[in-house]
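To keep things clear, I will list the structure first and then write my remarks on it.
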Amino acid sequence: MEAINLTILVIGVLFLISIVATLISSRIGAPILLVFLIIGMLAGEQGLGGITFNNPQVAFLIGSIALVIILFDGGMRTHPERFRVALAPAAMLATLGVVVTCTVTGLAAAWILGLHWLQGLLLGAILSSTDAAAVFSIFQSRGIRIKDRVASTLEIESGSNDPMAVMLTITLVGVLAEYTALDWSVLIVFLKQAIIGGAVGYGAGRLFVFLCRKLPLSFAFFPLMAVACCISVYAVTTQFEGSGFLAVYLMGYFVGNARLPQVLYILRVHDGLAWLSQIVMFLMLGLLVVPSQLLDHLLPALAIAGVLIFIARPLAVLLSLIPFHFPAKDQLFISWVGLRGAVPIILALFPWLAGVPDEHLYFNVAFVIVIVSLVFQGWSISPVARWLKLEVPKESGPDQTMPLDAIASNEVIEVVSFTLKGDSPMLDKQWQDFTVPHSAEFLGVIRDGEWLLSRDNPVFKLKDSVLVLCKMADVPDISTVLASAASSRTMTASDFFGDFVLNAQITLDELDAFYSITLPEHESHVTLADYITERFHRRVVVGDQVKLDALVLTVRQLDDHGNVKLVGIKPSDS
Amino acid sequence: MLSQDCTKSAVLFNSKKRILEYIAELGHQQLPETSEYVILESLMARERLGSTGIGGGIAIPHGKLKDVEQPVLIFVVSKDPIQFDAIDNQAVDIFCAILIPENQCQMHLNTLASIARLLSKKELTRKIRHATSDSDLYQILLAAQQEAES
């Protein structure tokens, strides 16, 4: 009994430390996952905690479940507009890119470690996928907004390349454990995995949405039902030799983008669950590793990490993105954010479980490389994004969002609140001084804890919380009017886009008539929208810039179909 | 660039067209050789490319003119805010118009940017909106200009 109680205590304390440590992580900018990993190592057999944990089966079980929940959460947060610019490039990276990374890293690893080339390839396969958990958490926690084309490509890639890496690893483990031959049948197995995974994911997503509509469950049960379903879907798909991870990611996408009142509730609970999964997974992997063994292959592992980061990944990105004409800076950034996370460590358990020779070698080398990747790449993402000028101003939003999720409605309705700070546009004004979208209803003000009714038309004062009821779709429009400007530390919209806007439907001729620019001869009759769309090969995102003479034109707003609507204009030397 | 004659507070107009006409009228007084119509047309030409309402109730209409040596600044504060198709869809009550000599348009983008930066200060716009007379407004702007230059 006492032993069990002690275990419970240890688990609780480890959780608590991890949660508090997120504060330190955001203070010093360290990747949060690295912090969890280090806490795990410190608690482990050679650290302060002295806890011995060396059961790869249990680690694999927990790791798989955690990954399923993280991928489901990632899928739910992937919006269809992100697919417009990024689906095809991400799909190339997740297939061709993974194969290139695996081959280059694998052959280099075989040479560096003096292994058989197949063993090298297995190590390459283990290391070939970028980590969804690491990429998602960095984009969500850093408070930076990166150009959509880049951010979406990275997110969708990281969500969808795990299946490829898993398939490669399973195949190579099979070959090395000598129960399958390496021939063309491998390719068929691949296709089967992808097709079954895709089909089950689509079907399960639709079925789940249908069930949500039909089952009269209490609201508290829907997030739990989502967990139950995604774990089952993973298991069923894997049983039928499909890619379980792909199925879960797709299912998440369909659930997250369904017009259901439950979705917001599920999202909120899953935010916490995804964090829980990451903490559990990384703590556990930190416990599993024996730090002194990492030193056995430290130098070769560092060399392989160098090959992976500086040769294999850039080459994979370059080859995969050839058809899409991404700007060079975008490609450079995508190459740099080839973050490795939990997936390689979990995959490194495969050879361990299958009894392939040198099983600890794979695990220890993969572990070192993941740490190198998290430290160097994870830590430097914000500065690199700034250096490559891929950052765009963060959109201002409400201070609090309270969806009315307990009542079913055709559109999602929310109560949002804006708290007045010194630079708020609302200061000393009244509600009727503003032009807001039609759906917005003013619900009054909370001042010093007291509710001032809307019918009394209060004049807004500092520290007031202004309550507005509106459709979720109108929140961005309302925020541009009511939210305080972003803090001075982040870049402001007028610095980035310029103070003035142009309608994208004017032609270059008309622009020339006012600003006297030197135009490319044959292009004078095209509209700004067409000119910019052409320059970016149809995949335009907010923040894309073109230089015309001494002017810099920056895409400021896109319409619902992804066409350029407004363009910011500023002098090129400011 | 600022002059007392071209600084007006609490004017009463209710449409984008009317306020621009008034600005053109003031501009014509400064530039007698250029007709009101030509000035209005130059301001309207720029508005057709995209509204010069930069948000927060502020607009910086500008137009380019032939045969003009020096840029002319016209500062008008409207008593009631006017719909101006501004970037944030809010009505505009502070108009800082500038008439630019032809061929200096690209150069003057920097001038426009510094005006925008100056008017982004909440403290200044509050004073501008509370100006009691034309000369009061002129003094406020003069002080702000000197502060910005120092």
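The listed protein sequences derive, respectively, from chains C and R. Note that the first sequence covers residues 1 to 574 in full-length UniProt numbering. Note that the second sequence covers residues 1 to 150 in full-length UniProt numbering. Note that the Cβ used here is the ideal one computed from N, Cα and C, for glycine as well.
- Taking the CA atoms as reference points, residue 199 of chain C sits about 9 Å from residue 237 of chain C.
- Remark: C-beta atoms of residue 73 of chain C and residue 261 of chain C do not approach each other more closely than 9 Å.
- The residues 134, 135 and 138, in chain order, have a CB closer than 8 Å to that of residue 4 of chain R in the same chain once the five nearest residues on each side in sequence are set aside.
- Ranked by how close their Cα comes to the Cα of residue 89 of chain R, the residues C:374, C:509, C:501 and C:548 have C:501 in first place.
- With its beta carbon at least 9 Å from every one in chain C, residue 27 of chain R lies outside the interface.
- With a cutoff of 9 Å on beta-carbon distance, residue 244 of chain C and residue 68 of chain C are scored as near each other.
- Residue nearest to residue 226 of chain C within the set C:214, C:251, C:369 and C:235 is C:251 (criterion: CA-CA distance).
- Restricted to the stretch 184 to 226 of chain C, the alpha helix (DSSP H) segments that are unbroken, complete and at least 4 residues in length are 185 to 214, listed in chain order.
- Checking the DSSP bridge columns, you'll see residue 364 of chain C has no partner listed.
- With 16 or more other Cβ atoms inside 10 Å of its own Cβ, residue 92 of chain C counts as buried.
- With respect to residue 549 of chain C, residue 515 of chain C sits close: the two C-beta atoms are nearer than 9 Å.
- Assignment of residue 504 of chain C by DSSP, reduced to helix, strand and coil, places it in the coil class.
- Of all residues in the UniProt domain "RCK C-terminal" (402 to 484) of chain C, those with a C-beta nearer than 7 Å to a C-beta of chain R are 423, 425, 434, 435, 480 and 481, reading in chain order.
- Between the stretch 454 to 467 of chain C and the stretch 362 to 369 of chain C there are fewer than three inter-stretch CB-CB distances shorter than 8 Å, so the stretches are not counted as touching.
- Short of 7 Å from the beta carbon of residue 246 of chain C, and not among the five residues preceding or following it, lie these beta carbons of its own chain, in chain order: 160, 163, 194, 197, 198 and 201.
- By the C-beta criterion, the stretch 368 to 386 of chain C is judged to be in contact with the stretch 324 to 344 of chain C, since at least 3 inter-stretch pairs fall below 8 Å.
- Separation of residue 425 of chain C and residue 144 of chain C (C-alpha to C-alpha, rounded to the nearest whole angstrom) is 23 Å.
- Contact annotation, residue 499 of chain C with residue 116 of chain R: C-beta distance approximately 4 Å; criterion of less than 8 Å satisfied.
- Residue 506 of chain C belongs to the set of residues whose beta carbon lies under 9 Å from a beta carbon in chain R.
- Here the alpha carbons of residue 523 of chain C and residue 229 of chain C stand approximately 54 Å from one another.
- Beta-carbon to beta-carbon, residue 39 of chain C and residue 21 of chain C are separated by about 6 Å, close enough to satisfy the 8 Å threshold.
- Under the three-state reduction of DSSP output, residue 466 of chain C falls in the strand class.
- Sequence-distant Cβ neighbours of residue 565 of chain C in its own chain, meaning closer than 7 Å and more than five residues away, are 504, 557, 558 and 559.
- Spatial neighbours of residue 36 of chain R in its own chain (CB-CB distance under 7 Å, excluding positions within 5 residues in sequence) are listed in chain order as 24, 25 and 28.
- If you compare the alpha carbons of C:268, C:45, C:453 and C:204 with that of residue 219 of chain C, the shortest gap goes to C:268.
- Secondary structure in the UniProt domain "RCK C-terminal" (402 to 484) of chain C: the alpha helix (DSSP H) runs of 4 residues or longer, each lying completely within the stretch, are 475 to 482 in chain order.
- Proximity of chain C to residue 52 of chain R at the Cβ level (cut-off 7 Å) is accounted for by 500, in chain order.
- For the pair residue 121 of chain C and residue 107 of chain C, the CB atoms are nearer than the 9 Å cut-off.
- Annotation: the stretch 280 to 314 of chain C contains the following complete segments of the alpha helix (DSSP H) (minimum length 4 residues), in chain order: 291 to 294 and 298 to 307.
- Assigned with DSSP and collapsed to three states, residue 523 of chain C falls in helix.
- Annotation for residue 28 of chain R: no beta strand (DSSP E) segment contains it, though the alpha helix (DSSP H) segment containing it runs 16 to 30.
- Secondary structure at residue 108 of chain R: helix, using DSSP grouped into helix, strand and coil.
- For a Cβ distance threshold of 9 Å, nothing in chain R lies close to residue 107 of chain C: the least Cβ distance comes to about 54 Å.
- Between residue 280 of chain C and residue 86 of chain C, the gap from beta carbon to beta carbon reaches 9 Å or more.
- Within chain C, the residues placing a beta-carbon under 8 Å from that of residue 49 of chain R are 502, 503, 506, 510, 511 and 514, ordered along the chain.
- With contacts defined by Cβ atoms closer than 9 Å, residue 411 of chain C and residue 403 of chain C do not form a contacting pair.
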